[in-house]
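Here's the structure we're looking at; comments come further down.
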Amino acid sequence: MPDMSVSIVWFRNDLRLSDNPALVAAVESGRAVLPVFVLDEETDGIRPRGAASRWWLHHSLHALDESLRKLGSRLVLRRGPAEKKIADLVSQSEAQAVYWNRLYDQGSRDRDDRLKTALARRGVTVETFKANLLFEPEEISTQGGNPFKVFTPFWRACRKLPPPDKPLPAPKRLLAPDNRPKSDALTAWHLLPTAPDWAGGLRETWTPGEKSAKAALANFLDDTLEDYRRTHDLPAVEGTSRLSPHLAFGEISPRQIWRAATTTHGQSAATEKFLSEIGWREFSYHLLLHFGDMSQRSFRPEFNAFPWMTDRKALDAWRHGRTGYPIVDAGMRELWRTGWMHNRVRMVTASFLTKDLLIDWRHGERWFWDTLVDADIANNATNWQWVAGSGADASPYFRVFNPVLQGEKFDPEGEYVRRWVPELGPLPDKTVHKPWTASEPPSADIYPERAVEHGAARDRALTAFRSLRKSA
DNA sequence: TGAAATGTTGGGGCG
DNA sequence: ACGCCCCAACATTTC
């Protein structure tokens, strides 16, 4: 029997020490604190992380462990079904309590409920906390008591609630248990790619971890937010916060972002615009919780009958940035290289896949899930369905992005497309978004011909989407 | 967080 | 001076 009683803090998508309610509760329990992370790739209904996310996870866990070490603690790593692994750790450490911050996907909720019940039966205290959302889905409903299906009224209702609480400070010190249960070695999880090591672009672009997340937020508020409304849509400019991977892993909380933005920039139009992007994230989780797995099933059932095309070659060209449309190819190559793509370009590439190529949005969703460092179960599905037109409050079916016009409008000098598609370099600005019209177009072995002609592809898409409306 | 087609307006060239 | 046409610019409708 250990001398000291123990509280377990189970870290999941909240890899931070500040504004972490579960961690604070463990500290305030007065017991020794055992921080745990479980790599759960086995529980049914829980989607395993993609390759880029695994890369990020490795580094984020490493950073979290380093921070814990400074507080006199260490992170315990276990791999396997979390229900079993947490229960084992409770036994091994004779813990009296387990604390965690809530997740919202159905698989995680089911698992957490089962675990909570099992632990309660053993007399172990379990407490769970709101940490990853500003407003939890059950806090928000329409007048009629139903979940919102449209963003604007949803966000208006959120804004009528009292503003989010002040973020919690990080603990100054953690009391370590007498006997720390043994931990897996992080490297033994093989989260990093080796053969081949394709993570070079990720390393050049990102520094995972809570400290880096805070620096990114501070930079954004100091240098970028002021001009957010002018530059957030320009992919050549660093006009967005680039906080998405930090937020996806919970290295920073939406509450910290909210608080920092409003205290430094007040209620300005720029703040409002930026916070509404956080609002879209909240809305995505609201939909996920109320309507189930949006990454597999179209929100609008009539889309089950949609005549998607099967075209391996076109899908492959899209994935690897060889569609012949510069803005699409630049985006897909930025994604492949850095694990991230500018939001404006995400919309353009997604529209191209679903409307120009008529390929099922699920293929796009899956590719983004695997390649994005910010892959988020709710955001990814909601936004894909928004573009495809199958979602709640979705873009109407006839809204088809023209990749040439989008390029000319948001990348007028072609800086972005030349950065990611260097073979377009010599083309003048006038034709860089439509190289096939240039006086000297690049030869097909330098830059591919267009996979489809947009005008015809648009007509084909409108016909296909109209057929859906008739049959519905 | 769209684009294209269609409609309207008004200035300027021209007989 | 005037009417006519053309067409760019802008507005509205449609997909």
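Numbering (our numbering), first residue to last: 1356 to 1827.
Virtual Cβ for every residue (Gly too), placed ideally from N, Cα, C.
(request) Could you say which of P1517, L1372, T1549, V1505 lies nearest to A1406 if we only look at CA atoms? (result) Numbered from its first residue, the first sequence carries residue 1406 at position 51. The shortest Cα separation from A1406 among P1517, L1372, T1549, V1505 belongs to T1549.
(message) Between which residues of its own chain and I1495 is the CB-CB distance below 7 Å, once the five residues before and five after are set aside?
(response) Counting from 1 along the first sequence, the entry for residue 1495 is found at position 140. Closer than 7 Å at Cβ, skipping near neighbours: F1503, F1509, A1512, C1513, H1641.
(message) On the DSSP letters alone, give me the boundaries of the alpha helix (DSSP H) that N1501 sits inside.
(response) Working through the first sequence from its first residue, we reach residue 1501 at position 146. Careful: N1501 lies outside any alpha helix (DSSP H) and carries neither H nor E.
(message) Output needed for P1524: all residues of its chain with C-beta closer than 7 Å, excluding positions within five of it in sequence on either side, in chain order.
(response) Sequence index remark: in the first sequence, residue 1524 carries index 169 (1-based). Hits under 7 Å: S1373.
(request) Determine the burial state of S1653: buried for a count of at least 16 other Cβ atoms within 10 Å of its Cβ, exposed for fewer. (result) By 1-based counting over the first sequence, the position of residue 1653 is 298. Buried.
(request) Compute the Euclidean distance between the alpha carbons of K1710 and F1490, then round it to the nearest angstrom. (result) As a position in the first sequence, residue 1710 is number 355, starting the count at 1. As a position in the first sequence, residue 1490 is number 135, starting the count at 1. About 34 Å.
(request) Give the straight-line distance between the Cα atoms of L1378 and T1507, rounded to the nearest whole angstrom. (result) Taking the first residue of the first sequence as 1, we reach residue 1378 at position 23. Taking the first residue of the first sequence as 1, we reach residue 1507 at position 152. Straight-line Cα distance between these residues: approximately 34 Å.
(request) Throw me the rounded Cβ distance for the L1389 and S1362 pair, which I believe falls under 8 Å. (result) The count along the first sequence starts at 1 and reaches residue 1389 at position 34. The count along the first sequence starts at 1 and reaches residue 1362 at position 7. Contact holds; Cβ gap of about 7 Å.
(request) Grab me the residues of Q1447's own chain with a C-beta within less than 7 Å of its C-beta, minus the 5 sequence neighbours each way, in chain order. (result) For this step, residue 1447 is matched to residue 92 along the first sequence. Excluding residues within five positions, the ones whose Cβ falls inside 7 Å are P1536.
(request) My understanding is that P1803 touches G1679, with C-beta atoms under 8 Å, so please give their C-beta distance in whole angstroms. (result) Position 448 of the first sequence holds residue 1803. Position 324 of the first sequence holds residue 1679. Confirmed, Cβ separation roughly 5 Å.
(request) Take L1598 as the anchor and find which of A1591, V1592, L1589, S1608 has the nearest alpha-carbon. (result) Taking the first residue of the first sequence as position 1, residue 1598 is located at position 243. The shortest C-alpha separation from L1598 is found at S1608.
(message) Rounded to whole angstroms, what is the Cα-Cα separation between E1438 and H1675?
(response) Numbered from 1 along the first sequence, position 83 holds the residue referred to as residue 1438. Numbered from 1 along the first sequence, position 320 holds the residue referred to as residue 1675. Each residue's alpha carbon lies about 39 Å from the other.
(request) Check whether the Cβ atoms of E1593 and A1625 lie closer than 9 Å to each other. (result) Within the first sequence, residue 1593 is the residue found at index 238, counting from 1. Within the first sequence, residue 1625 is the residue found at index 270, counting from 1. Contact flag unset, no.
(request) Spell out a yes or no on whether the stretch 1732 to 1740 and the stretch 1684 to 1692 are touching, meaning 3 or more CB-CB pairs, one atom from each, closer than 8 Å. (result) no
(message) For V1431 and D1539, what's the separation of their Cα atoms in angstroms?
(response) Position 76 of the first sequence, counted from the first residue, corresponds to residue 1431. Position 184 of the first sequence, counted from the first residue, corresponds to residue 1539. Going from the Cα of V1431 to the Cα of D1539 covers about 7 Å.
(request) Consult DSSP for I1732 and reduce its assignment to one of helix, strand or coil. (result) The sequence position of residue 1732 within the first sequence is 377, counting from 1. In the structure shown, I1732 sits in a helix (DSSP, three-state: H, G or I).
(message) Our contact map puts L1644 next to P1492 with C-beta atoms below 8 Å; I'd like the distance itself, whole angstroms only.
(response) Here residue 1644 corresponds to residue number 289 of the first sequence, with the count starting at 1. Here residue 1492 corresponds to residue number 137 of the first sequence, with the count starting at 1. 4 Å between Cβ atoms; contact.
(request) Reducing DSSP to helix, strand and coil, say where A1550 ends up. (result) Within the first sequence, residue 1550 is the residue found at index 195, counting from 1. Coil, per DSSP.
(message) I'd like to confirm the pairing. Which residues does DSSP put opposite N1456 in its beta bridges?
(response) What you label residue 1456 is simply residue 101 of the first sequence in a count that begins at 1. DSSP output for N1456 lists F1484 as bridge partner(s).
(request) Use the C-beta contact count for I1714: other C-beta atoms within 10 angstroms, 16 or more gives buried, fewer gives exposed. (result) In the first sequence, the residue the question calls residue 1714 occupies position 359. By the 10 Å Cβ count, I1714 comes out buried.
(request) Using the Cα positions of V1382 and R1528, report the straight-line distance between them to the nearest angstrom. (result) Within the first sequence, residue 1382 is the residue found at index 27, counting from 1. Within the first sequence, residue 1528 is the residue found at index 173, counting from 1. Straight-line Cα distance between these residues: approximately 9 Å.
(request) Using DSSP bridges, identify the partner residues of A1387. (result) As a first step, residue 1387 is located in the first sequence; it is residue number 32 there, counting from the start. DSSP output for A1387 lists V1361 as bridge partner(s).
(message) Using 9 Å as the threshold, is the C-beta distance between R1466 and D1369 below it?
(response) The count along the first sequence starts at 1 and reaches residue 1466 at position 111. The count along the first sequence starts at 1 and reaches residue 1369 at position 14. No. Outside cutoff.
(request) Using the Cα positions of S1750 and W1716, report the straight-line distance between them to the nearest angstrom. (result) On the first sequence, position 395 is the one that residue 1750 refers to. On the first sequence, position 361 is the one that residue 1716 refers to. If I take the Cα positions, the gap works out to 13 Å.
(message) For A1616 and Y1752, what's the separation of their Cα atoms in angstroms?
(response) The residue given as residue 1616 occupies position 261 in the first sequence. The residue given as residue 1752 occupies position 397 in the first sequence. The straight-line gap from Cα to Cα measures roughly 35 Å.
(message) With three or more beta-carbon pairs closer than 8 Å as the criterion, would you say the stretch 1476 to 1489 touches the stretch 1443 to 1460?
(response) yes
(message) So, at 7 Å on beta carbons, what are the nonlocal neighbours of P1758 in its own chain, with the 5 sequence-adjacent residues on each side left out?
(response) One-based indexing of the first sequence puts residue 1758 at position 403. The residues are Y1680, I1682, V1683, V1703, F1707, H1809.
(request) Tell me whether E1559 is buried or exposed, calling it buried when 16 or more other Cβ atoms sit within 10 Å of its Cβ. (result) Your numbering for residue 1559 matches position 204 in the first sequence. Per the 10 Å Cβ criterion, exposed.
(request) Pull up the distance between the alpha-carbon of K1515 and that of F1575, whole angstroms please. (result) Walking along the first sequence from the start, residue 1515 turns up at place 160. Walking along the first sequence from the start, residue 1575 turns up at place 220. For K1515 and F1575, the distance between alpha carbons rounds to 26 Å.
(request) Within 10 angstroms of the Cβ of D1420, are there 16 or more other Cβ atoms? Answer buried if so, exposed if not. (result) For the purposes of this step, residue 1420 is taken as residue 65 along the first sequence, with counting starting at 1. Label assigned to D1420: buried.
(request) Using three-state DSSP, classify A1749 as helix, strand or coil. (result) Translated into positions along the first sequence, residue 1749 becomes position 394. Correct three-state label for A1749: coil.
(request) Tell me whether A1573 sits in a helix, a strand or coil according to DSSP, three-state version. (result) The residue you call residue 1573 lines up with position 218 of the first sequence. Three-state result, A1573: helix.
(message) Can you give me the C-alpha to C-alpha distance between R1402 and K1440, rounded to a whole angstrom?
(response) Taking the first residue of the first sequence as 1, we reach residue 1402 at position 47. Taking the first residue of the first sequence as 1, we reach residue 1440 at position 85. When rounded, the distance between both Cα atoms is 18 Å.
(request) Measure the Cβ-Cβ separation of R1655 and L1602 and say whether it is below 9 Å. (result) Along the first sequence, read from residue 1 onward, the residue named residue 1655 stands at position 300. Along the first sequence, read from residue 1 onward, the residue named residue 1602 stands at position 247. No, these two residues do not count as a Cβ contact at 9 Å.
(request) Classify L1394 as helix, strand or coil using the three-state DSSP reduction. (result) Indexing the first sequence from 1 puts residue 1394 at position 39. If DSSP states are grouped into helix, strand and coil, L1394 belongs with the strands.
(message) Using DSSP's beta-bridge definition, name the partner residues of L1432.
(response) Sequence index remark: in the first sequence, residue 1432 carries index 77 (1-based). Bridge partners of L1432: F1392.
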